[in-house]
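Structure first, commentary second.
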(Lines of atoms letter the chains of each structure in order from A; the text may use other names.)
(Lines give C-alpha, C1' and ligand atoms only; values in the text may rest on other atoms or scores of the structure.)
Protein backbone atom coordinates (compact mmCIF):
# COMPACT_ATOMS: atom_id res chain seq x y z
CA UNK A 137 0.00 0.00 0.00
CA UNK A 138 1.50 3.30 -1.03
CA UNK A 139 1.21 6.31 1.22
CA UNK A 140 2.50 9.85 0.96
CA UNK A 141 2.66 9.98 4.76
CA UNK A 142 6.11 8.87 5.82
CA UNK A 143 5.21 8.73 9.53
CA UNK A 144 2.38 6.27 8.79
CA UNK A 145 4.61 4.01 6.73
CA UNK A 146 7.31 4.01 9.42
CA UNK A 147 4.79 3.35 12.21
CA UNK A 148 3.41 0.29 10.42
CA UNK A 149 6.92 -0.96 9.59
CA UNK A 150 8.10 -0.47 13.19
CA UNK A 151 4.87 -1.81 14.68
CA UNK A 152 4.70 1.17 17.03
CA UNK A 153 3.55 4.78 17.21
CA UNK A 154 3.56 7.17 20.16
CA UNK A 155 -0.25 7.52 20.25
CA UNK A 156 -2.16 4.63 21.88
CA UNK A 157 -5.05 4.89 19.38
CA UNK A 158 -2.66 4.46 16.46
CA UNK A 159 -0.93 1.57 18.23
CA UNK A 160 -4.31 -0.17 18.51
CA UNK A 161 -4.87 0.24 14.77
CA UNK A 162 -1.38 -1.08 14.02
CA UNK A 163 -2.02 -4.09 16.28
CA UNK A 164 -5.29 -4.81 14.45
CA UNK A 165 -3.51 -4.63 11.09
CA UNK A 166 -0.93 -7.15 12.31
CA UNK A 167 -3.61 -9.42 13.82
CA UNK A 168 -5.65 -9.38 10.61
CA UNK A 169 -2.56 -10.37 8.62
CA UNK A 170 -1.80 -13.26 10.97
CA UNK A 171 -5.38 -14.52 11.10
CA UNK A 172 -5.94 -14.12 7.37
CA UNK A 173 -2.55 -15.48 6.28
CA UNK A 174 -1.74 -12.44 4.15
CA UNK A 175 0.62 -9.51 4.38
CA UNK A 176 0.34 -5.84 3.59
CA UNK A 177 3.37 -3.77 2.74
CA UNK A 178 3.18 -0.05 3.42
CA UNK A 179 5.60 1.99 1.37
CA UNK A 180 6.25 5.71 1.52
CA UNK A 181 6.02 7.44 -1.84
CA UNK A 182 6.26 11.26 -2.01
CA UNK A 183 3.00 12.90 -3.09
CA UNK A 184 4.54 14.17 -6.33
CA UNK A 185 5.47 10.61 -7.31
CA UNK A 186 2.06 9.25 -6.29
CA UNK A 187 -0.14 11.78 -8.05
CA UNK A 188 -3.29 9.65 -8.24
CA UNK A 189 -3.37 8.93 -4.51
CA UNK A 190 -2.54 12.57 -3.88
CA UNK A 191 -5.72 13.55 -5.73
CA UNK A 192 -7.76 11.40 -3.36
CA UNK A 193 -6.07 12.70 -0.23
CA UNK A 194 -6.85 16.25 -1.38
CA UNK A 195 -10.54 15.46 -1.97
CA UNK A 196 -10.24 15.70 -5.76
CA UNK A 197 -12.23 12.54 -6.45
CA UNK A 198 -13.76 13.69 -9.73
CA UNK A 199 -10.35 14.40 -11.21
CA UNK A 200 -9.14 11.01 -9.97
CA UNK A 201 -12.08 9.26 -11.66
CA UNK A 202 -11.34 11.03 -14.96
CA UNK A 203 -7.87 9.47 -14.91
CA UNK A 204 -9.09 6.12 -13.54
CA UNK A 205 -12.49 5.39 -15.11
CA UNK A 206 -12.54 1.77 -13.92
CA UNK A 207 -11.95 2.71 -10.27
CA UNK A 208 -14.71 1.69 -7.88
CA UNK A 209 -15.75 3.05 -4.53
CA UNK A 210 -15.29 0.66 -1.63
CA UNK A 211 -17.44 1.28 1.41
CA UNK A 212 -15.22 2.22 4.33
CA UNK A 213 -15.93 0.39 7.56
CA UNK A 214 -14.73 2.32 10.60
CA UNK A 215 -14.75 0.44 13.91
CA UNK A 216 -16.80 2.46 16.41
CA UNK A 217 -13.85 2.88 18.76
CA UNK A 218 -12.07 4.90 16.04
CA UNK A 219 -14.95 7.04 14.83
CA UNK A 220 -13.58 10.06 16.70
CA UNK A 221 -10.38 9.90 14.60
CA UNK A 222 -12.27 10.63 11.38
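Numbering (my numbering), first residue to last: 137 to 222.
Glycine included, each C-beta is placed from N, C-alpha and C at the ideal position.
Span separating the alpha-carbon of residue i from that of residue j
{"i": "residue 152", "j": "residue 163", "result": "9 Å"}
{"i": "residue 192", "j": "residue 198", "result": "9 Å"}
{"i": "residue 217", "j": "residue 154", "result": "18 Å"}
{"i": "residue 176", "j": "residue 150", "result": "13 Å"}
{"i": "residue 172", "j": "residue 220", "result": "27 Å"}
{"i": "residue 215", "j": "residue 178", "result": "21 Å"}
{"i": "residue 169", "j": "residue 158", "result": "17 Å"}
Classification of residue i by the beta-carbon crowding that lies within 10 angstroms, buried from 16 upward
{"i": "residue 212", "result": "exposed"}
{"i": "residue 147", "result": "buried"}
{"i": "residue 161", "result": "buried"}
Expected contact under 8 Å - CB spacing of residue i and residue j to nearest Å
{"i": "residue 189", "j": "residue 140", "result": "6 Å"}
{"i": "residue 186", "j": "residue 138", "result": "5 Å"}
For residue i, three-class secondary structure by DSSP
{"i": "residue 153", "result": "coil"}
{"i": "residue 180", "result": "strand"}
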